[in-house]
Amino acid sequence: MPVPTQAVLRETVAAHAARGRYVLGNVRLDPSTMAGSFTPAADGDFVLADLTVEAGKIARIAAPLSASERSGDDGAPVVDIGGRVALPLFVDCHTHLDKGHILPRTSDADGAFATALSAAKADREANWSFEDLLRRMDFSLRCAHHYGTRAVRTHLDSQPPQDAVSWPVFRDLREQWRDRIDLQGSCLFGIDFARDEAFLARISQVVAACGGVLGAVAYPVPDFDRLLDRMFAAAGRYGLDLDFHADETADPSSDCLRRIALAALRAKGRGKVLVGHCCSLASQPASTVGDTLGLVADSGIAVVSLPTCNLYLQDRRHDGTTPRWRGVTLLHEMRRYGIPVALGSDNTRDPFHAYGDLDMLDTYRLGTRVLHLDNPTGTWPTTVSTTPAAIMGLDRTGEIREGLWADFILFEGRSWSEILSRPEGNRVVIRAGCPQTSSLPSYAELDGLAGLAPD
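Every position in the sequence shown, counted from 1, becomes a number in my numbering once 595 is added.
Printed below as a string of structure tokens:
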């Protein structure tokens, strides 16, 4: 029987799903993101299996049967997909949905970090109304959903008075999307705002009421360690996890990650801690790196690398010369210390990163090339699935496992080389056993918002 095209595969699976039970035959699964009741034979980076879906859930994962063996099966229709790869739905633990798609309004942005900060601040103060945020954030979520993302953590600029606008928008979106994307919010403000105890208590309560995460941009102000202790104390008081932006610079003297780890070790009764960026670590001597990573490992902190944004911003030059470094952190070294590491999409079409569409395959593709997450690939695919799911506290998300909802992506590619060499725009996203039928929203939908027009 010929292997179906992606379009035919989508239609066939949809028809079988409507009848309640079907088998995907000869599907390649990534062993680092799956679990089952059998030990499959390895097939390069993948294992070959038959996957049975019943009533929207994964009923069985087993060694593939021959055609004659299948003829004596229980009658469930079999779709032989010819060794295509199936991966779990993506989990994206570091985004900025509130900044998404403001690029056309920030004509002064030139790709430099300082300019991006000032341009985003000016746009926030001028334009971030309830409607503006709602439309742009919903647009971004529809993109992420189309590409196969199951969960998103977004940072929300929360310095007053923006907090009074952004968090009500987030609450509405979280409710609207609750059956499609697990949406988690993390407040974002400069660490110096923690000097205001009344503000810190108030924003902690808002975040807690929204099931969110307490977050801040960490930079070495004179009372930095005292402010970190305040953040950890507030997190413990309100039962919150923590999320920091740190060391987004090439300056080797920037050691916020190390000091966050020390604060975590000082704290009692804290939740999970995630730190993003950590770029300066790559500029530090080996002895300093080793000391820092030892502390991070001891503290249980997780790290998320943002390759798209850091490549775009770091070492940006305006003298006609070429950047000299990649701007990403030391994920391989962190892995050797047992530190949980993830990749995130970060910024989308804003002054911090002028491109992107919240497609985690694009993020993983770039991460593989820039961070050398191959030869061997090993368990690196967990950086966009099971690891960020664990960081976000999402039980059994980002996995392909018997008994779970049949949530996965069927790619045309049969190997990592095939998957990562094309955009895979014809991927088939399966949710609860059924192919989703969404299409990408048109940028024209954003026309009419203040200052937004084709850039």
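Positions of the beta carbon are idealized from the N, C-alpha and C atoms, including for glycine.
Close beta carbons around Arg-854, own chain, < 7 Å, minus the five adjacent residues each side: Phe-819, Asp-820 and Leu-823
Beta-bridge pairing of Cys-904 - partner residues as DSSP gives them: DSSP lists no partner for Cys-904.
Cβ shell of Cys-805 (< 8 Å), same chain only, five flanking positions each side left out: Trp-762, Phe-765, Arg-766, Arg-769 and Gly-780
Element boundaries [alpha helix (DSSP H), containing His-741]: Per DSSP, His-741 belongs to the alpha helix (DSSP H) from 725-742.
Sufficient close CB pairs (3 or more, under 8 Å) joining the segment 901-915 to the segment 983-1000: no
Stretch pair the segment 994-1006 + the segment 840-859: three plus CB contacts closer than 8 Å: no
For Ile-786, three-class secondary structure by DSSP: helix
Heavy atom of the ligand NAD within 7 Å of Thr-1032 beta-carbon: Absent from the structure shown: the ligand NAD. Ligands present: none.
Pick from Asn-621, Trp-772, Phe-1006 and Ser-1037 that is closest to Ile-1025, judged by C-alpha positions: For the residues Asn-621, Trp-772, Phe-1006 and Ser-1037, the minimum Cα distance to Ile-1025 belongs to Phe-1006.
Pairwise C-alpha distance: Val-747 and Leu-857: 28 Å
Beta strand (DSSP E) runs contained entirely in the segment 878-927, provided each spans 3 or more residues: 897-900
Exposure label - Gln-909; buried when at least 16 CB within 10 Å: buried
Straight-line Cα distance separating Gly-810 from His-1052: Lying outside 596 to 1050, the shown extent of the chain, residue 1052 is not represented and no answer is given.
Burial state of Tyr-617 (16 or more Cβ within 10 Å): buried
Three-way DSSP call (helix, strand, coil) for His-691 in this model: coil
Rounded C-alpha distance that separates Leu-773 from Asp-727: Checking the sequence shown, residue 773 turns out to be Arg, not Leu. Taking the straight line from one Cα to the other gives about 21 Å.
Assigned secondary structure, Trp-772 (DSSP; H/G/I helix, E/B strand, else coil): coil
Distance between beta carbons of Gly-871 and Gly-807, contact taken as under 8 Å: Not quite, the Cβ-Cβ distance comes to about 16 Å (not below 8 Å), so this is no contact.
Proximity of Leu-966 and Leu-926 at Cβ, strictly below 8 Å: Contact annotation: Leu-966 and Leu-926 have beta-carbon atoms nearer than 8 Å.
Cβ pair Asp-687, Leu-953 closer than 8 Å: yes
Extent of the continuous beta strand (DSSP E) run through Lys-652: 652-657
Nearest-angstrom beta carbon gap, Ile-798 and Asp-758 [assumed within contact, 8 Å]: 6 Å
Residue environment, Lys-716, which counts as buried when at least 16 other CB atoms sit within 10 Å: By the Cβ neighbour-count rule, Lys-716 is exposed, with fewer than 16 other Cβ atoms within 10 Å of its own.
Closest by C-alpha distance to Ser-1010, when choosing among Ala-707, Ala-789, Gly-1020 and Arg-679: Arg-679
Opening and closing residue of the beta strand (DSSP E) in which Arg-616 lies: 616-624
7 Å CB neighbourhood of Gln-800 in its chain, flanking five on each side removed: Tyr-833
Those residues which DSSP pairs with Arg-748 across a bridge: Gln-779
Endpoints, the beta strand (DSSP E) within which Arg-1026 is located: 1023-1026
Ile-1004, DSSP secondary structure in three states: strand
Minimum Cβ-Cβ distance from Arg-731 to chain B less than 8 Å: Reference to chain B is not applicable here, since this structure consists of a single protein chain.
As assigned by DSSP and simplified to three states, the class of Gly-871: strand
Between the CA atoms of Asp-777 and His-696 - distance to the nearest angstrom: Taking the straight line joining both Cα atoms gives about 21 Å.
Spatially closest choice to Lys-863 from Phe-734, Asn-942, Arg-745 and Ala-828, by CA coordinates: Ala-828
Cβ-based neighbour list, Pro-1036, same chain, cut-off 6 Å, excluding 5 preceding and 5 following: Phe-734 and Arg-737
Top-ranked residue by Cα proximity to Ser-900, from Gly-885, Arg-861 and Leu-968: Comparing Cα-Cα distances from Ser-900 to each of Gly-885, Arg-861 and Leu-968, the minimum goes to Leu-968.
For Val-802 and Asn-579, the rounded distance between their alpha carbons: An answer regarding residue 579 cannot be provided, because it is not within the stretch 596 to 1050 covered by the chain.
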